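A.B. asks: Quick one: this structure, given as C-alpha cells, is what I'll be asking you about.
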Amino acid sequence: MADESDLDTSILPLEEDNIDLLNESTLDMDCESMLHALAFYNNIIDSTESKEFKKKPKKAIRVNALAIVKIGASQNTYIAQLEADSKPKPPPKKAKPALSTSKKQHLAVVKPKDVTRSSADTKEFIKKSIDITQVKAGVKKVANLRNGGILIETVSEEDLEKLLKEIENNERITENYKVGKPDKRNPQFICFGVSEETDEATVAKCIKYHCGVQENSNEVKIVHSYKSQRGMNWIFETAPGLYKQIMTMNKLNIGWERVSFREYLRPLRCFKCCRFGHLAKNCKEESDVCSNCGNQGHTYKDCSKDKSCRNCILHNEKARNKVDINHSCTSRLCSSYEREIKLLINKTNYE
C-alpha cells in the first residue's frame, strides 16, 4: 500500500478544487487500491438514485475520495465509508406511543341494596321506573354485572348526565339502588429488569424524580414487583395527570440503571378455567380447563390436541359471532383478550 510520499504532489496539488483532475494518469499505477476506490467514487456519483444521496452535496463525497488519495488508507475501509455516505439514514425514533387509544365510553352503574336481587330484577326495575323516551337519552346497551348490578352505556356524556339526573330524582330507585359512574383505576406502568439490589424506596424515589413530584407525594405509588429472568419488574401507579408526561419518555433511570417500561394493562384472569374477571381462588369450575385446547380434565402440559380458545368459543355462541378460535387461551392475539384490554383502558382514568 502506497503512502502519501508515493504521490506526485507537484503534479496534483491536494486541494478540493482539483479533485476532479484525479484519474489514472495522475496516480501511481501501483496504487491499485486507490484506483479501485476512485472508480467506485466515480460510479456512485454517476449512477446513484437515492433521494437522500441527491440531497447530500457531491462535494462531501469528493472530500472522502481525496482523503483516500491523501493518506493512502486501505481500500475496504474507505469503500465502506463511501457506501455508507450513499445510503439514506434511518428516521429518528419517535416517542413511545400511548396504548390508551380506545374510544371513550359513557357508563353508569346501578347496584341493588338488597344483595338477593339479580341483574335481571335490577334491569326490569329500572326500565319500569324510567321512561327513556321522556328523558331523551340515547342508550347503547345494558349489561349484567356481579351481585345483581347492571352497567348502562349511553351514546354521549350529555345523555349520561340526563339519565343520572333522572335516576337521582326518582326516590323509588334511590331507596332500593346505588347509582353512579363506575370507579376508575389510575394509570399503571411496569419497568423491566431492575437490579435485585434496588429496594422499593429507591425505585419510588427515582420514578417520582422523573415525574417531577416531591418524594412525599402520593401521585406515584408502587403496586408490587416480581422476579424475572433479567431482574425485578416493578409495577407502579401514577396520578392521571402524569400519564402523558411519562409516555413521552423512552426509558427511566432507576438508580445506576436505565430501564425500559410500558403501560401495564393486565386483565384479571383465572388460570383454572381460563376465563376473565376472577381469580382461581374464586373459581366455580370443578376441574381445570386446558389453556391450549379449552377442554376440561387436563392441563396444557399434558395436551396433544390442536389449539382452541375456550373464551372465543363461548363468545361466538353468546354473540353469534365468528371470531377466530384457533389459538390458545393465553394468546395475545386472542380477540377475547383484546376486548378485555379495551375494557381495562375504558376503566382507566387518564384525565
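Residue numbering for the sequence shown follows the UniProt record's numbering, beginning at 1 and increasing consecutively.
The beta carbon of each residue, even a glycine, is placed where N, CA and C say it ideally should be.
Since the model is a prediction, treat every value here as computed from it, not as a measurement.
From K272 to E166, what does the alpha carbon distance come to, in whole angstroms?
C.D. replies: So the alpha carbons of these two residues sit roughly 42 angstroms apart.
A.B. asks: With DSSP as the reference, label Y226 as helix, strand or coil.
C.D. replies: In this structure, Y226 counts as strand in the three-state DSSP scheme.
A.B. asks: Check for me: the beta strand (DSSP E) holding E263 runs from which residue to which?
C.D. replies: Unbroken beta strand (DSSP E) run through E263: F261 to E263.
A.B. asks: Is the Cβ-Cβ distance between F276 and C270 less than 9 angstroms?
C.D. replies: Result yes, Cβ atoms of F276 and C270 sit closer than 9 angstroms.
A.B. asks: Which whole-angstrom value is the C-beta distance of L344 and P267, which I expect to be below 8 angstroms?
C.D. replies: Yes, they are in contact, since the Cβ atoms of L344 and P267 sit about 6 angstroms apart, within 8 angstroms.
A.B. asks: Pull up the distance between the alpha-carbon of A95 and that of D131, whole angstroms please.
C.D. replies: Bear in mind that the predicted position of A95 carries a pLDDT of just 47, short of 50, making it too unreliable to give a figure here.
A.B. asks: What number of angstroms, rounded off, separates the C-alpha of N292 from the C-alpha of E215?
C.D. replies: Rounded to the nearest angstrom, the two C-alpha atoms are 46 angstroms apart.
A.B. asks: Below 7 angstroms CB to CB, which residues in the same chain sit around N144 once its five sequence neighbours on both sides are set aside?
C.D. replies: Excluding positions up to five away in sequence, the list reads S119 and I150.
A.B. asks: Could you spell out the range, first to last residue, of the beta strand (DSSP E) harbouring I254?
C.D. replies: Element bounds for I254: L252 to I254.
A.B. asks: Once the 5 residues before and after E285 are set aside, which same chain residues still bring their CB inside 7 angstroms of it?
C.D. replies: The answer, listed in chain order, is K272 and C273.
A.B. asks: Return the bridge partner residues of G277 from the DSSP annotation.
C.D. replies: G277 is not bridged to any residue.
A.B. asks: With a Cβ-Cβ cutoff of 9 angstroms, do P187 and E263 count as a contact?
C.D. replies: Yes; because the gap between Cβ atoms is below 9 angstroms, this pair is in contact.
A.B. asks: What are the start and end residues of the alpha helix (DSSP H) that includes Q245?
C.D. replies: Counting along the chain, the alpha helix (DSSP H) containing Q245 begins and ends at Y243 to M247.
A.B. asks: E122 lies in the alpha helix (DSSP H); which residues open and close that run?
C.D. replies: A quick correction: the sequence has Thr, not Glu, at residue 122. Its alpha helix (DSSP H) spans residues S119 to S129.
A.B. asks: Does D324 pass the burial test, meaning 16 or more other C-beta atoms within 10 Å, or should it be called exposed?
C.D. replies: So D324 ends up on the exposed side.
A.B. asks: Alpha carbons only, please: which of S129, N253 and Q105 is nearest the one belonging to G193?
C.D. replies: The residue with the shortest Cα to Cα distance from G193 is N253.
A.B. asks: So P182 and K347 are in contact, right, with Cβ under 8 angstroms, and what is the actual spacing, rounded?
C.D. replies: Sure, about 7 angstroms apart at Cβ, within 8 angstroms.
A.B. asks: Please classify R230: is it buried, with 16 or more other beta-carbons within 10 angstroms of its beta-carbon, or exposed?
C.D. replies: Classification of R230: exposed, given that the 10 Å Cβ count is below 16.
A.B. asks: Got a sec, what are the start and stop residues for the alpha helix (DSSP H) N311 sits in?
C.D. replies: Element bounds for N311: R310 to A319.
A.B. asks: Between the beta-carbon of L163 and the beta-carbon of V139, is there less than 9 angstroms?
C.D. replies: Their beta carbons are under 9 angstroms apart, which means L163 touches V139 by this criterion.
A.B. asks: Grab the span of the alpha helix (DSSP H) containing I207 for me, first residue to last.
C.D. replies: From DSSP, the alpha helix (DSSP H) with I207 extends over E200 to C211.
A.B. asks: Roughly how far, in whole angstroms, is the beta-carbon of I235 from the beta-carbon of V220, given that I think they are within contact range, below 8 angstroms?
C.D. replies: The pair is not a contact, with the Cβ atoms about 12 angstroms apart (cut-off 8 angstroms).
A.B. asks: Check for me: the beta strand (DSSP E) holding Q188 runs from which residue to which?
C.D. replies: Q188 to V194 is the extent of the beta strand (DSSP E) around Q188.
A.B. asks: Given a cut-off of 9 angstroms, decide if R172 and S129 are closer than it, judged by their beta-carbon atoms.
C.D. replies: Yes, the Cβ-Cβ distance between S129 and R172 is below 9 angstroms.
A.B. asks: Using three-state DSSP, classify S336 as helix, strand or coil.
C.D. replies: Reduced to three states, the DSSP call for S336 is helix.
A.B. asks: So is T248 buried or exposed if we call it buried at 16+ other beta carbons inside 10 Å?
C.D. replies: T248 should be labelled exposed.
A.B. asks: Quick one: is A137 buried, meaning 16 or more other Cβ sit within 10 Å of its Cβ, or exposed?
C.D. replies: With 16 or more other Cβ atoms within 10 Å, it is buried.
A.B. asks: What residue does the beta strand (DSSP E) around I150 start on, and which one ends it?
C.D. replies: Counting along the chain, the beta strand (DSSP E) containing I150 begins and ends at I150 to T154.
A.B. asks: Where C290 and E158 are concerned, what is the direct C-alpha to C-alpha distance, given to the nearest angstrom?
C.D. replies: Between C290 and E158, the C-alpha separation is close to 45 angstroms.
A.B. asks: Mapping the DSSP letters down to three states, classify D30 as helix, strand or coil.
C.D. replies: Any reading at D30 needs caution, since the residue's pLDDT is 45, under 50, leaving its predicted position unreliable; the model's value is listed next. Note: D30 maps to coil in three-state DSSP.
A.B. asks: What does DSSP give as the partner residue(s) for H106 in the beta ladder?
C.D. replies: Answer by DSSP bridge pairing, in chain order: T154.
A.B. asks: Can you look up T174 in the DSSP assignment and give me helix, strand or coil?
C.D. replies: DSSP places T174 in helix when its eight states are reduced to three.
A.B. asks: Identify the continuous beta strand (DSSP E) that holds I235 and give its terminal residues.
C.D. replies: Element bounds for I235: G231 to T238.
A.B. asks: Are V203 and S225 closer than 9 angstroms when you measure CB to CB?
C.D. replies: Yes; because the gap between Cβ atoms is below 9 angstroms, this pair is in contact.
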